[in-house]
Amino acid sequence: MAKVAVIILNYQLKNDTLEAVYSVLQSDFTGIEIIVVDNNSEDGIEEEIKKIRGVKFIQIGSNLGYTGGNNLGIRYAINVGSDYIFILNPDTVVKKDTIRYLLSASENENAGVVGPKILFNDKKTIWYAGGEIDKNNVLGAHRGLDQVDIGQYDNPSEVSFVTGAAFFAKRQLFERAGFFDERYFLYMEDADLCLRAKKLGMKIFYQPKAVVFHKNAKATGLGSPLQDYYITRNRLLFAFKFLSYRTRFALLRHVFVNINIPARRRALFDFLLGRFGKGPY
Numbered sequence: 270m271a272k273v274a275v276i277i278l279n280y281q282l283k284n285d286t287l288e289a290v291y292s293v294l295q296s297d298f299t300g301i302e303i304i305v306v307d308n309n310s311e312d313g314i315e316e317e318i319k320k321i322r323g324v325k326f327i328q329i330g331s332n333l334g335y336t337g338g339n340n341l342g343i344r345y346a347i348n349v350g351s352d353y354i355f356i357l358n359p360d361t362v363v364k365k366d367t368i369r370y371l372l373s374a375s376e377n378e379n380a381g382v383v384g385p386k387i388l389f390n391d392k393k394t395i396w397y398a399g400g401e402i403d404k405n406n407v408l409g410a411h412r413g414l415d416q417v418d419i420g421q422y423d424n425p426s427e428v429s430f431v432t433g434a435a436f437f438a439k440r441q442l443f444e445r446a447g448f449f450d451e452r453y454f455l456y457m458e459d460a461d462l463c464l465r466a467k468k469l470g471m472k473i474f475y476q477p478k479a480v481v482f483h484k485n486a487k488a489t490g491l492g493s494p495l496q497d498y499y500i501t502r503n504r505l506l507f508a509f510k511f512l513s514y515r516t517r518f519a520l521l522r523h524v525f526v527n528i529n530i531p532a533r534r535r536a537l538f539d540f541l542l543g544r545f546g547k548g549p550y
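Next up, the structure:
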C-alpha cells in the first residue's frame, strides 16, 4: 500500500489545526501519517497534538512561513519513506474519501501534482476548481471562484497550478523539481513549484471528486496589509524568475503607480534590494 504523509502547518490556529487533523483521521484510506509542523505559535498546540495517537509533531522554534515550514515537513516525510505528500492548510477539513480520490488520480493520470475541488466552509460556494496562471497580470486565478457549485467543474482536467491550500504530490516532484522556494515565505510559491514541474514534463491535475472545505485566509487576514505586501513582492519575484521582459516592466510600472500604499511601497523596495523571506511583517 502506498504511504501518504499529510502535512499540516500550524501558525496560531490551534483549534482549526485540530479540526483538520481529526478530519484526516476519519479518512477511508488507511496508509496515512499525519505530520503537524508548528511555526513557533506558542498557542498550546503541542500539548493537544501529543494527546492524539499516531500524529507526529515537529516544533520549528521560529516562524519559517508557509514555504520553510512545509519544506521541513516534506523533508521529514521523504526521509521516513512516504510515497506521496499531501500539504493541507490548517483551516481546512477533508471529506473521508478525499485522499483516496487524490491518490487514484495521481496514479491513474500519472500526475506529479493533484488538487481537489475546494469549497468555502458553506459547502456550496467554490473557492478553487482548478488553477490558471494569468501571466499577463502575474496572478494565479482560481477557476469558479465565488460561484455556487452545481457541478459545472466536475470534469477532471490538467491545470496550470494546484493551490497550496491542498497540494497532493508524488515524492518525485520534490526530488526532481525541488522544494518550495523559501524566498516567497507565503503566496505564489505553489504556482512557482507547479511551473517548475511542468517544465520537467510533469502533469498538474485537478480531481473534483476529491473535496476539501476551506475557511480561507485565517492566518494572514484577507485583504490585510500583510497579504498585500507578500503578494506584491512575490508577483515581482515570480515575474523575474519566469516571465518576459515586457511583463516584468509592466508589473514594475503598475507597482510604482501604487507607491503611495505603504505595504506595496515596502514590497517594492524589498524586492529591489533582494530582501525576501519573512520580511518586515
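All letters in the sequence shown, in the order written, are residues 270 to 550 by our numbering. We put the beta carbon where it would ideally sit given N, CA and C, even for glycine. Bear in mind that the values here come from a model prediction, so they are computed numbers and not experimental data.
Check                                                                                                                                                  : Outcome
Which residues share a DSSP beta bridge with His483?                                                                                                   : Thr361 and Phe389
Taking the beta strand (DSSP E) that Tyr422 falls in, what are its first and last residues?                                                            : No beta strand (DSSP E) holds Tyr422; DSSP gives it neither H nor E.
The beta strand (DSSP E) that contains Asn503, what's its start and end?                                                                               : No beta strand (DSSP E) contains Asn503, which is instead part of the alpha helix (DSSP H) from Pro494 to Phe511.
By the DSSP assignment, the alpha helix (DSSP H) with Asp415 in it spans what residues?                                                                : Note, Asp415: premise wrong, no alpha helix (DSSP H); not H, not E.
What residues in its chain sit with their C-beta under 8 Å from that of Ala508, if we drop five residues either side in the sequence?                  : Val407, Thr516, Arg517 and Leu520
Going by C-alpha to C-alpha distance, which of Ile318, Ile277 and Asn309 sits closest to Tyr345?                                                       : Ile277
Should Leu282 and Pro359 be called a contact, given that it needs their Cβ atoms to be closer than 8 Å?                                                : yes
If you draw a straight line from the alpha carbon of Gly470 to that of Gly313, how long is it in whole angstroms?                                      : 43 Å
Determine the direct distance from the alpha carbon of Lys547 to that of Ile356, and round the result to whole angstroms.                              : 20 Å
Three-state secondary structure (DSSP) at Leu467?                                                                                                      : Per the sequence shown, the amino acid found at residue 467 is Lys instead of Leu. In this structure, Lys467 counts as helix in the three-state DSSP scheme.
Which residues does DSSP pair with Glu316 in a beta bridge?                                                                                            : Answer is none; Glu316 lacks a bridge partner.
Rounded to a whole number of angstroms, what is the C-alpha to C-alpha distance between Leu341 and Ile419?                                             : 38 Å
Which residues does DSSP list as the beta-bridge partners of Asp307?                                                                                   : Asn279 and Gln328
Report, in whole angstroms, the separation of the C-beta atoms of Tyr475 and Gly399, which I expect to be a contact under 8 Å.                         : 4 Å
Which partner residues does Thr432 have in the DSSP bridge list?                                                                                       : Answer is none; Thr432 lacks a bridge partner.
Determine, using beta carbons only, whether Lys472 and Asn379 come nearer to each other than 8 Å.                                                      : yes
Keeping to the same chain, check which residues put their C-beta closer than 6 Å to that of Arg412; ignore five residues upstream and five downstream. : Ala398 and Gly399
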